[in-house]
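Trainee: Below is a structure I'd like to ask you about.
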Amino acid sequence: MPYVNIKITKEGNVTPEQKRQLIEGATKLLADVLHKNTKTLVVTIDEVDTDNWGIGGVPVTELRKIAKEKAAAAAKVEAAAAKEEAKAKKKAEKEMAKAAKAEEKAKKTAEKEASKKAAKEQKAAKDDAPKDAEKPAKKEKKAKKK
Numbered sequence: 004m005p006y007v008n009i010k011i012t013k014e015g016n017v018t019p020e021q022k023r024q025l026i027e028g029a030t031k032l033l034a035d036v037l038h039k040n041t042k043t044l045v046v047t048i049d050e051v052d053t054d055n056w057g058i059g060g061v062p063v064t065e066l067r068k069i070a071k072e073k074a075a076a077a078a079k080v081e082a083a084a085a086k087e088e089a090k091a092k093k094k095a096e097k098e099m100a101k102a103a104k105a106e107e108k109a110k111k112t113a114e115k116e117a118s119k120k121a122a123k124e125q126k127a128a129k130d131d132a133p134k135d136a137e138k139p140a141k142k143e144k145k146a147k148k149k
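My numbering numbers the first residue of the sequence shown as 4 and each following residue consecutively.
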């Protein structure tokens with residue numbers, strides 16, 4: 004008569020339905036793999052307190068505590084990293100906005116300078132043009148109006 008003993012820790016709060024599934028699964032596994040008669044196969048489940056179960060020389064209770072502390076420390080480090088990342092992102096956004104403003108200001112200044120230069124060139128061209136050339140143009144305008 005085959006006998007299977009499953010040991011689990013009590014901390015898991017295993018439900019009766021989960022235990023039923025373990026018993027059913029172990030029974031099916033032995034029947035499928037070893038071709039055992041399911042009518043004579045016995046499966047027991049023992050729930051062991053974590054203080055009575057150790058791995059690597061350390062009780063599971065302590066291992067769980069250590070794991071929780073490590074997870075909390077990792078979460079703290081992750082939160083600090085996320086905070087630093089957000090801070091760096093905000094700083095970069097400010098720098099980008101500042102650069103965009105400076106670029107816009109430089110563009111406006113360049114446009115003003117170009118406009119001033121064009122106005123000066125127009126004035127210089129007008130000043131350099133002979134005054135006699137203006138008279139026929141004025142006469143032509145007057146003639147068109149009539």
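Quick reminder that beta carbons are idealized off the backbone N, C-alpha and C, glycines included.
1. Taking Glu50 as part of the alpha helix (DSSP H), name the residues at either end of that continuous run.
2. State buried or exposed for Leu44, treating a residue as buried only when at least 16 other CB atoms are found within 10 Å of its CB.
3. Are the beta-carbon atoms of Lys31 and Pro5 separated by less than 7 Å?
4. Could you compute how far the alpha carbon of Asn8 sits from the alpha carbon of Lys86?
5. Taking the alpha helix (DSSP H) that Glu112 falls in, what are its first and last residues?
6. Tell me the rounded alpha-carbon separation between Ala128 and Glu98.
7. Would you mind working out which of Val63, Glu81, Asp35 sits nearest Glu14, comparing C-alpha positions?
8. In this structure, how does DSSP classify Asn40 when only helix, strand and coil are distinguished?
9. Any contact of the segment 73–80 with the segment 20–35, i.e. 3+ C-beta pairs under 8 Å?
10. Which residues does DSSP list as the beta-bridge partners of Asn8?
11. Alpha carbon to alpha carbon, what distance is there between Asp131 and Thr113?
12. Quick one: Cα of Ala83 to Cα of Gly28, how far?
13. Closer than 8 Å by C-beta to Ala89: which residues in its own chain qualify, once you throw out the five before and the five after it? Chain order, please.
14. Identify whether Gly28 lies in helix, strand or coil by the three-state DSSP scheme.
Mentor: Reading from the atomic positions:
1. Taken as a continuous stretch (DSSP letters only), Glu50 belongs to no alpha helix (DSSP H), being part of the beta strand (DSSP E) at 45–51.
2. buried
3. No.
4. Straight-line spacing of the CA atoms in Asn8 and Lys86 works out to 49 Å.
5. It should be pointed out that residue 112 corresponds to Thr in this sequence rather than to Glu. Unbroken alpha helix (DSSP H) run through Thr112: 63–131.
6. If you take the alpha carbons of Ala128 and Glu98, they lie about 44 Å apart.
7. Val63
8. coil
9. no
10. Thr47
11. Checking the sequence shown, residue 113 turns out to be Ala, not Thr. In a straight line, the C-alpha of Ala113 is about 26 Å away from that of Asp131.
12. 45 Å
13. none
14. Residue state, collapsed to three classes: helix.
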